[in-house]
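Chemist:
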Amino acid sequence: MSTVTMNRRGAGTQAAPSVAAAAGSGSPTTPAASPASDPTADAALQPKVTHVVETMTMAAALNRALSDALTADDRVLIFGEDVGALGGVFRITDGLNARFGEKRCFDTPLAESGIVGTAVGMAMNGLIPVVEMQFDAFALPAFEQVVSHVAKLGNRTRGAVRMPMVIRIPFGGGIGGVEHHCDSSETYYAHTPGLTVVTPSTPQDAYSLLRAAIESPDPVVFMEPKKLYWSKGVVDTSITADLRRASVIREGSDVTLISYGPSVSVALEAAEALADEGRSVQVVDVRTLTPFDDQTVMDAVRSTGRAVVIAEAPGFVSVASEIQARVSEQCFEYLEAPVRRVTGFDTPFASPKFEHWYLPDVDRVLDAIDSLHWED
Amino acid sequence: MSPSGTRLLPRDVPVQLLDEHGSLTKDADYPTPSMERMQQAYASLINGRRINDQCNALVRQGRLAVYPSSNGQEACQVAAALALSDGDWLFPTYRDSVSVITRGVAPEDAMVLLRGDWHSGYDPHEFGVAPQATPLATQLLHAVGFAQAAAYRNEPTVVLAMCGDGATSEGDFHEAMNFAAVFKLPVVFFVQNNEFAISVPLARQTAAPSLAHKAIGYGMPGQRVDGNDVAALLSVLEEAVDRGRRGEGPTLVEAHTYRMLAHTNADDDTRYREREEVQAWADRDPLTRVRSYLRAEGLLDDKAEEAMAETAEGIAAELRAAMNADPVLNPEELFAHVYAERPATLDAQWALLQDEIERTEARA
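Taken in sequence, the protein lines are chains A and B.
Just so it is clear: in the first sequence, position 134 is 134 by my numbering, and no numbers are missing.
To convert a position in the second sequence, counted from 1, into my numbering, add 376.
1) Within 10 angstroms of its Cβ, does Ser-37 (chain A) collect 16 or more other Cβ (buried), or is it exposed?
2) Can you pull the chain B neighbours of Glu-144 (chain A), defined as C-beta to C-beta under 7 Å?
3) Can you give me, in chain order, the residues of the stretch 101 to 113 of chain A that have a beta carbon less than 8 Å from any beta carbon in chain B?
4) Can you tell which of A:Pro-164, A:Lys-232, A:Ala-275 and A:His-191 has its C-alpha closest to the C-alpha of Val-53 (chain A)?
5) Just curious, the alpha helix (DSSP H) that Arg-413 (chain B) is in, first and last residue?
6) On the CB-based measure, 16 or more other CB atoms within 10 Å of its CB, does Val-391 (chain B) come out buried or exposed?
7) At what residue ranges does the stretch 103 to 167 of chain A contain a whole run of the alpha helix (DSSP H), taking only runs of 4 or more?
8) Check whether chain B comes within 7 Å of Ala-32 (chain A), counting only Cβ atoms and requiring the distance to be less than that.
9) Could you list the residues in the stretch 297 to 323 of chain A with a C-beta less than 8 Å from some C-beta on chain B, going in chain order?
10) Rank B:Ala-716, B:Met-414, B:Val-488 and B:Val-629 by C-alpha distance to the C-alpha of Cys-431 (chain B) and give the top, closest one.
11) If distances are taken between C-alpha atoms only, which option among A:Val-161, A:Pro-170, A:Asp-367 and A:Thr-118 comes closest to His-550 (chain B)?
12) Flag Phe-566 (chain B) as yes if its beta-carbon sits less than 7 Å from any beta-carbon of chain A, otherwise no.
13) Does any C-beta atom of chain B lie closer than 7 Å to the C-beta of Met-58 (chain A)?
14) Which residue's Cα is closest to the Cα of Asp-543 (chain B): B:Ala-506, B:Ala-527, B:Val-535 and B:Gln-581?
15) Can you round the beta-carbon distance between Gly-172 (chain A) and Lys-226 (chain A) to whole angstroms, since I take them to be within the 8 Å contact cut?
16) Assign Ile-574 (chain B) to one of three DSSP states: helix, strand, or coil.
17) Give me the subset of the stretch 484 to 496 of chain B whose CB atoms are less than 8 Å from a CB atom of chain A, sorted by chain position.
18) Kindly give me the distance between the Cβ atoms of Tyr-334 (chain A) and Arg-302 (chain A), rounded to whole angstroms, as I take these residues to be in contact under 8 Å.
19) Relative to the C-alpha of Ala-72 (chain A), which residue among A:Asp-218, A:Ile-249 and A:Thr-237 is closest?
20) May I have the straight-line CA-CA distance separating Ala-455 (chain B) from Ser-475 (chain B), to the nearest angstrom?
21) So, at 6 Å on beta carbons, what are the nonlocal neighbours of Ala-337 (chain A) in its own chain, with the 5 sequence-adjacent residues on each side left out?
22) Do the CB positions of Asn-63 (chain A) and Asp-94 (chain A) come within less than 7 Å of each other?
23) Which first and last residues belong to the beta strand (DSSP E) in which Glu-54 (chain A) is found?
24) How many angstroms separate the CA atom of Thr-40 (chain A) from the CA atom of Leu-536 (chain B)?
25) Around the Cβ of Glu-375 (chain A), are there at least 16 other Cβ atoms within 10 angstroms (buried) or fewer (exposed)?
26) I'd like the list of long-range same chain contacts for Ile-477 (chain B), defined as Cβ closer than 7 Å, with 5 residues on each side in sequence excluded.
27) Distance cutoff 7 Å, beta carbons only. Does Pro-291 (chain A) sit that close to anything in chain B?
28) Can you give the Cα-Cα distance for Tyr-528 (chain B) and Val-150 (chain A), rounded to whole angstroms?
29) Would you please verify whether the beta carbon of His-632 (chain B) is less than 7 Å from any beta carbon of chain A?
30) Would you decide whether Asp-702 (chain B) is buried or exposed? Buried here means 16 or more other CB atoms lie within 10 Å of its CB.
31) Measure the C-alpha to C-alpha separation of Pro-28 (chain A) and Asp-218 (chain A) and round it to an integer number of angstroms.
32) If I measure Cβ to Cβ from Leu-722 (chain B) and keep anything under 7 Å in the same chain, skipping five residues before and after, which residues do I get?
33) Using a Cβ cut-off of 9 Å, pull out every chain A residue sitting near Phe-555 (chain B), in sequence order please.
34) Does the stretch 439 to 459 of chain B touch the stretch 615 to 635 of chain B, meaning 3 or more C-beta pairs lie closer than 8 Å?
35) Could you give the C-beta distance for Val-617 (chain B) and Ala-459 (chain B), rounded to a whole number, given that I count them as a contact under 8 Å?
36) So for Phe-79 (chain A), helix, strand or coil by DSSP?
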């Protein structure tokens, strides 16, 4: 591990729990009561985000992103159920309450609509709330707030009111969770104009995309693939991400696998398996489901002429079917075969002992690739 | 009394300072507003009634798509706006246009939502007025979060959030009350109990002795007030606002009033209520009693009344003129504000529409 200290004061782990100075944040709403917001103080002596390059789990990367965002901008608040002393049921907010104090990271009453609805008011009043919905299906009581207000207030007020907020939702299966704990709800959000829906597949993206989501002037639904929480990778916290860019994460010339979040690892495994058979497989991680990055995805498909979309959610009227439609419309003359989808079945998410049959796996992806009208 | 010494239960009989004949009834807990305050309130009531009447006429002329009138509830509308200071915020519903206008929003800008040009016709930050909410009770949570952000920065902002009796059955009403009480936030929940949620009567919304009684379950004081008595409304709401400003947390205020007209022009209220009931409430009109009081006290004469009527007529004329002018719409606005920065996907859709419009114009 290497630690690049960007701060005269020293290691980031010792960053002061007080709020950061207005310097750099551009905030018109710095708390008057905060001692750290004294405009006469030397800005260089204020706590700063320190950059690190380190191998860590996705959970740790998310925790680091939250911690760095809290340090960087005193308008950022984190709240939800169990995010305080417990640090979240997946420990994503571990230590933040102790380090930044009750004003910056706190538990709320158990009420998802209340959590998101109050976040709307805070965003109207100059803060950047980052809220946690404990599990995908438990976010549904907040759905009205998300769709009717979070997504629309900017538009309703012709831009006079913006909603800079992040709604973090652990989603997807693969952890043996019982019902209501493993849903793939991204399509509901992606269908709603005004929302930016993001899902990372690596610790690096988890860090960079979450930082970008918090900095976005628009509301972001940040879907965390819970089966990847414990996956590890190198994270360089100085790397920033463009929220509207998909990413070609593996080069290949025969076929393009298009995926996001929890299914990216399946796509990569399939690519690896086919490499052994001499087939060159390209993998695109969509990362931001909406607004959709047509350019990166279509350029990728045009370069191979074959495409398979992989996602866990039920395939009917899904993000996967949207991608399939877009590719068919925009790349038709480049395609050697129909675009295929490999998705979850159109059933409620399976009970733990059934989920290995439900989830799209490498075999199903390989079968789909095999069906793409190969001439050899 | 609660352990902290605050009385949480509302009174059995709503607070009243001016009876139906305009006679003053003293109250040990709530001071009578000053003469100037009453005169100011009366002028606002006159304007409010005139705006309600004008908007109903504009619906009949097809100039407004819909108007949920607050006719009969003007005392609540006026008091909600007047109880707040400049830095405070109001979170209104679709029926609260008169409150919005009393806060300073131009009538024609307040009508943009109901005319159908756009969803909100004013900048909320300019007036301390959130966009008028159409879904029920959702804005109460926004009010709570707004107050929480102000408290985070130690600002003295108080937030007054309005809703009707129907909204008290919604989950968000309860979540908002609970959050505000748990975090001890400066929010006044102001319920205009006008007896009907479209056609469904109060008895089908609640089995509680009153809506104000709900407050005790959340650990905040609740109070009932005569919703057609602007003096009592001002006094009770100002006390609730002061309480929030003092850092003592939220209050629930229930105003007992009546919706004199149908829910909107699309509703037929003869299907669910008797004319005698409506007439009985007409005798309790919120304007009549203040007028009687002010005249009896020598605080209002013919000349002053004429001046007020003229001002109200001016507002109505301006509103009529604004609504009769056909608005110029820019189709690009469909795409302009969905995101802070327009994404490529919407650029493509705007290009499509633009092309469609150009071809249509070329044919014409």
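Note that CB positions come from ideal geometry on N, CA and C, so glycine has one too.
Only a predicted model underlies this, so the values are computations on that prediction, with no experimental measurement involved.
Modeler: Taking the geometry as given:
1) Any reading at Ser-37 (chain A) must be qualified, since the residue scores a pLDDT of 44, below 50, and its modelled position is unreliable; the value itself is stated next. Ser-37 (chain A) comes out buried.
2) Pro-511 and Thr-514
3) The residues in question are Lys-103, Thr-108, Pro-109, Ala-111 and Ser-113.
4) A:Lys-232
5) 411 to 436
6) buried
7) The stretch 103 to 167 of chain A contains these whole alpha helix (DSSP H) runs: 112 to 124 and 153 to 156.
8) Reliability of the predicted coordinates at Ala-32 (chain A) is poor, the pLDDT of 39 falling under 50, and the value obtained from them is presented with this limitation in mind. Yes - at least one Cβ of chain B is within 7 Å of the one on Ala-32 (chain A).
9) none
10) B:Val-488
11) Nearest of A:Val-161, A:Pro-170, A:Asp-367 and A:Thr-118 to His-550 (chain B), Cα basis: A:Thr-118.
12) no
13) no
14) Residue identity differs from the one stated: residue 543 (chain B) is Ala in this sequence, not Asp. Of B:Ala-506, B:Ala-527, B:Val-535 and B:Gln-581, the residue nearest in Cα terms is B:Gln-581.
15) 6 Å
16) Three-state result, Ile-574 (chain B): coil.
17) Correct list: Trp-494, His-495 and Ser-496.
18) 5 Å
19) A:Thr-237
20) 8 Å
21) Closer than 6 Å at the Cβ level, and outside the excluded window around Ala-337 (chain A), lie Arg-306, Leu-372 and His-373.
22) yes
23) It spans 51 to 57 - the beta strand (DSSP E) in which Glu-54 (chain A) sits, taken as one unbroken run.
24) Caution is warranted here: a pLDDT of 45 is assigned to Thr-40 (chain A), below 50, making its placement in the model unreliable, and no coordinate value can be reported.
25) exposed
26) Ile-427, Pro-483 and Ala-486
27) yes
28) 21 Å
29) no
30) Exposed, by the Cβ-count rule.
31) Summary for Pro-28 (chain A): the model assigns pLDDT 37, below 50, so the residue's position carries little reliability; its value from the coordinates is reported in the next sentence. If I take the Cα positions, the gap works out to 18 Å.
32) Here the set comprises Phe-711 and Val-714.
33) Within chain A, the residues near Phe-555 (chain B) are Thr-108, Pro-109, Ala-111, Gly-114, Ile-115, Gly-117 and Thr-118.
34) yes
35) Confirmed, about 5 Å.
36) strand
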